[in-house]
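S.K.: My structure is below; once you've seen it, I'll send some questions.
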Amino acid sequence: MDNKEQYLRDLRTYVYGFLLAVVLTVAAFWAALGSGWAPGTVLSVVGFLGLIQLSVHLRYFLHIDRSRQQREDLDLILFTSLVVLIIVLGTIWVLGNLHERMHMHM
Numbered sequence: 003m004d005n006k007e008q009y010l011r012d013l014r015t016y017v018y019g020f021l022l023a024v025v026l027t028v029a030a031f032w033a034a035l036g037s038g039w040a041p042g043t044v045l046s047v048v049g050f051l052g053l054i055q056l057s058v059h060l061r062y063f064l065h066i067d068r069s070r071q072q073r074e075d076l077d078l079i080l081f082t083s084l085v086v087l088i089i090v091l092g093t094i095w096v097l098g099n100l101h102e103r104m105h106m107h108m
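Taking the working numbering, the leading residue of the sequence shown gets 3, the next gets one more, and so forth.
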């Protein structure tokens, strides 16, 4: 009976996560295509919904939370995110500097 209860609890978690992900995706599409808001507002709303979507995926699908057991996984994800951010921002910086030095005006 314990396995069945665990299975039902996991299934419920996945269904909640899926429903939240679908609602957030539909909300982002509506904000981008049908809201009629200013572009800056749309960008802010979609970015905020994206952050919520990220937390939903981490919590409901990857089972990463703030518990002591999951701390190493969370640290690994945060470090990987930091490395990716450094690479992306460094690339933008270098290419922007190269664009400026080449005097390419469009």
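Ideal Cβ positions, reconstructed from N, Cα and C, are used throughout, including at glycine. Since this is a predicted model, take the numbers as computed values, not measurements.
Starting from residue 4, trace the alpha helix (DSSP H) both ways and give me its first and last residue.
M.R.: Start at 1 with the first residue of the sequence shown, and residue 4 comes out as number 2. Here the alpha helix (DSSP H) through residue 4 covers 4-35.
S.K.: Given a threshold of 16 other Cβ atoms within 10 Å of its Cβ, counted over all protein chains shown, does residue 16 qualify as buried or as exposed?
M.R.: Taking the sequence shown and counting its residues from 1, the one referred to as residue 16 is at position 14. So residue 16 counts as exposed.
S.K.: Does DSSP put residue 118 in a helix, a strand or coil?
M.R.: With the chain represented from 3 up to 108, any question about residue 118 goes unanswered, as that position is not in the structure.
S.K.: Tell me whether residue 39 sits in a helix, a strand or coil according to DSSP, three-state version.
M.R.: Counting from 1 along the sequence shown, the entry for residue 39 is found at position 37. Looking at residue 39 - three-state DSSP - the assignment turns out to be coil, as it is neither helix nor strand.
S.K.: Any heavy atom of the ligand FAD within a distance shorter than 7 Å of the CB on residue 77?
M.R.: Ligands are entirely absent from the displayed structure, and the ligand FAD is therefore not among its contents.
S.K.: For residue 103 and residue 93, I'd like the C-alpha separation in whole angstroms.
M.R.: Position 101 of the sequence shown, counting from 1, holds the residue named residue 103. Position 91 of the sequence shown, counting from 1, holds the residue named residue 93. Near 15 Å, if we compare the C-alpha coordinates of residue 93 and residue 103.
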